Every structure is written in C-alpha cells, then in structure tokens.
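Here's the structure, in structure tokens; my notes come after.
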Ligand SMILES: *Cc1c(COP(=O)(O)O)cnc(C)c1O
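In my numbering, the protein residues as written are 425 to 798.
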C-alpha cells in the first residue's frame, strides 16, 4: 500500500503541474509523432455501405501502437519521482518494446518480465528490447504468459520499490494505475474530438475500439463519456468462440472478481481460479479488464461485444484491400464490428474506429492462419 500511496501522491502532483504536461506534449509531438491523423476511409466506408468511417491512426506512432503514449507519461513520472529503474510486464512484447524505448530515451535502467512461452514465440521483440538496452527476464510460473509476467513484475516492484517504478501497460492493476493510464491515453480521444469539431463541426455518432486491458478504448472513450449522443462500443476477443474457454471476452463473459489488484469482470472458473484465455491477437489475450469499462458496462454508457479470430482476420483483410493499410490484429476486431454497425446507419452518420496499431508484428500469425484456412 505504501508504494501505491507514494505513486498516487506523485501522480496527483504531476497532474497539477503544467511543466509535466508540457514535457509530455512535446515528447508526444516530436518523439512519438502526435497528433495522429483522423483519416476518412472512403474505400472501407463504401464497402460497409452506410455511415462514413474515420480511422484514428495510432498505427502511425513511433513503435507502431498507442502504447507509447502511456510509456512516455509513466516514464516521465518515474523520472520525476527519482526512480532509477523501471520494471514492466509484456505479453507479445509490444508493451515491453515501448517501455524499453522510453527507458533508452530517458536513460533509466529497464527490466522486462515476459513468460518464457512468449519469449520463445516472440523472439524478434525480445531482440528489439535487448537492442534498446533492456534486460528481459523469462517467467516460468503458471501458464508462462502475460498474467504470470504481471505477477512477477508486481513482485519485483514491491521488493525494490525505493528505486523502482512499475510501468503497467494497460488500464488495469491497483489504483492509481487504471486512472493514470486512461489519463495518458485520453490524448487519443481529445485529438479525435477536436478534429471532429474542426472538420465537421460536430462530434461523431459512434466510436469503436478494441478492448484487451482496455487502455486504447478508454483513451478514446473518456472525452466522449459526457456527450450522450456519442455511442461507445468496445470490442473484445471471442477467440475460437464464446462457448468454449478459448476466448478473452472478460466483459461479455466474465464475472466480478479481483485480479492484479483490480475488482472488475474476470474470466474465472467456478472456484474463482483465473481461467486460461485465447485470442489470435496477442494484445487482447488477458483474463481481466480495466474497472472503468466494468462501470460503463454496468451503467449501460458503453456497449461491449466480442468478435472471433476468423472475423478479426476478415476485418484485417478488408482494411488491407480497401485502404492499403495493414492493421494489427487487435484493432482488426474493431474494424470488423464497425463495418457491420456502419451498414445499419444512414450515410450522414460519422463513425470513428481507433486503429490502435499497425500489423507488421502480426504477419507471421496471419500467414499461418490464412495457410491453415486454405
Ligand atoms: C496491446 C494492444 C492492444 C490492447 O491493449 P489495450 O490496453 O486494451 O489497448 C490493442 N491494440 C494494440 C495494437 C496493442 O498493441
């Protein structure tokens, strides 16, 4: 608790300090590549045959996804707190690479925990992290994947808390992490809101984002929550189907529980043991979800649906063919669902899809899946 209280105080002070935000804004602009474009996808919209679809291009950021926003914010906070060492978890390695990048930039020691199963499957990201000067620690407990890497990084943090900051990668974990990560990611929704007002003179009718831990979605949703005319739709991973256990749809299929210090919807068995999860998209493969999404699910402010691996692959191919953009598999879930919602809406309607990352990292998975489907 004392580590969390220290972090909460430092985060509160940083929030109130304009110098902190001007440094964050400057790095977002010059280092990460913000603001990202809001692109009117005419080809995709024509294929959907209804609403106009706009893509928030987080895939164009340095390191290829929205994760850099949060890594920069927490990296600056850690430096402000005088921490000399940053630890983080990673699943497929996307968050690990973003953290290693920011640690190289800020000259802070970096330790990344990664399940040894993931170390084997994602060797090129392990190589990237090492090039950036990070130490990668394989984790051999439990299912040897993301959930176990989170456990180890929290253990390391509480053991070495005096000099160490834990840089969690999504809007999960104990307070203040869900609020802090959502805050750093809300730059996505603020830019989208401002661009919509400047260009169309109004807010979108609907925004759609994929939900793993929930950080890109909450970053997009937050600035629109008070505007009740804007429909908010989160898309989870239905994996091989919701009926079996090979999915990661915590909001659609989970029950209230506590995981990694957060009470939220959790995929669990009868005894409350954390269930194993599956998704073709590595970034969606987590058995919990940020608590703010659980709240919007219960209040009805946002709607959450789930899309299967096969449907996500359709979304992936559709964006490649209609727009010349190769998306990551995570936002391919959102693309698939958005196209179906757009088809039901009139032509004047405006929908935004958060394109959270680019697809280079997924080419191996996609080529295997397309091969197997032949
Ligand atoms: C990690 C990742 C996600 C899922 O994480 P959230 O916290 O739910 O945003 C989504 N898209 C991409 C491209 C990712 O790398």
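Don't be surprised by glycine CBs; every beta carbon is placed ideally from N, CA and C. Since the model is a prediction, treat every value here as computed from it, not as a measurement.
Worksheet entry | Inter-residue spacing [alpha-carbon to alpha-carbon] between residue 719 and residue 773 | The count along the chain shown starts at 1 and reaches residue 719 at position 295. The count along the chain shown starts at 1 and reaches residue 773 at position 349. Looking at the two C-alpha atoms, the distance is approximately 27 Å.
Discussion item. Between 660, 562, 653, which has its C-alpha nearest residue 641's C-alpha?
Written reply: Within the chain shown, residue 641 is the residue found at index 217, counting from 1. Residue nearest to residue 641 within the set 660, 562, 653 is 660 (criterion: CA-CA distance).
Discussion item. Give me the DSSP bridge partner(s) of residue 481.
Written reply: For this step, residue 481 is matched to residue 57 along the chain shown. 779.
Discussion item. Using CA atoms only, rank isn't needed, just tell me which of 753, 723, 729 is closest to residue 677.
Written reply: Position 253 of the chain shown, counted from the first residue, corresponds to residue 677. Out of 753, 723, 729, 729 has the C-alpha closest to the C-alpha of residue 677.
Worksheet item: Would you say residue 598 and residue 685 are within 8 Å of each other, going by their C-beta atoms?
Response: Within the chain shown, numbered from 1, the residue matching residue 598 stands at position 174. Within the chain shown, numbered from 1, the residue matching residue 685 stands at position 261. Cβ atoms of residue 598 and residue 685: closer than 8 Å.
Practice prompt. Using 10 angstroms around the beta-carbon of residue 565, count the other beta-carbons present and answer buried if the total reaches 16, otherwise exposed.
Written response: Numbered from its first residue, the chain shown carries residue 565 at position 141. So residue 565 ends up on the exposed side.
Practice prompt. Report the residue from 697, 508, 791 whose alpha carbon sits nearest the alpha carbon of residue 741.
Written response: Within the chain shown, residue 741 is the residue found at index 317, counting from 1. When the alpha-carbon of residue 741 is set against those of 697, 508, 791, the nearest one is in 791.
Fill in: Rounded distance between the beta-carbons of residue 787 and residue 755, thought under 8 Å
As a first step, residue 755 is located in the chain shown; it is residue number 331 there, counting from the start. As a first step, residue 787 is located in the chain shown; it is residue number 363 there, counting from the start. For a cut-off of 8 Å, the C-beta gap from residue 755 to residue 787 is around 15 Å, too long to register as a contact.
Worksheet item: Taking buried to mean at least 16 other C-beta atoms within 10 Å of its own C-beta, is residue 697 buried or exposed?
Response: The residue you call residue 697 lines up with position 273 of the chain shown. An exposed status is given to residue 697, since fewer than 16 other beta-carbon atoms sit within 10 Å of its beta-carbon.
Worksheet item: Once you ignore the five residues that flank residue 530 on each side, which residues in its own chain have a CB closer than 6 Å to its CB?
Response: In the chain shown, residue 530 corresponds to position 106, counting from 1. Cβ neighbours of residue 530 beyond the five flanking positions: 499, 503.
Item to complete: Going by DSSP, name the residue or residues bridged to residue 487.
Response: Locating residue 487 in the chain shown gives position 63, where the first residue counts as 1. Among the bridge pairs identified by DSSP, residue 487 is matched with none.
Worksheet item: Taking only runs of the alpha helix (DSSP H) that begin and end inside the stretch 680-768, which ones reach a length of at least 4 residues, in chain order?
Response: Whole alpha helix (DSSP H) segments, 4+ residues: 715-723, 733-747, 753-767.
Worksheet item: Using a threshold of 7 Å, is the CB atom of residue 459 nearer than that to any non-hydrogen atom of ligand 1?
Response: For the purposes of this step, residue 459 is taken as the residue at position 35 of the chain shown. Not one heavy atom of ligand 1 falls within 7 Å of the beta-carbon of residue 459.
Discussion item. I'd like to check one pair, residue 693 with residue 654: are the Cβ atoms closer than 8 Å?
Written reply: Looking up residue 654 in the chain shown gives position 230. Looking up residue 693 in the chain shown gives position 269. One thing to note: residue 654 has its Cβ no nearer than 8 Å to the Cβ of residue 693.
Discussion item. Can you tell me which residues fall inside 5 Å of ligand 1, judged by beta-carbon distance to its nearest heavy atom, and keep chain order?
Written reply: One residue after another in chain order, those with a Cβ under 5 Å from a heavy atom of ligand 1 are 489, 518, 594, 636, 637, 638, 639, 640, 707, 752, 754, 780, 781.
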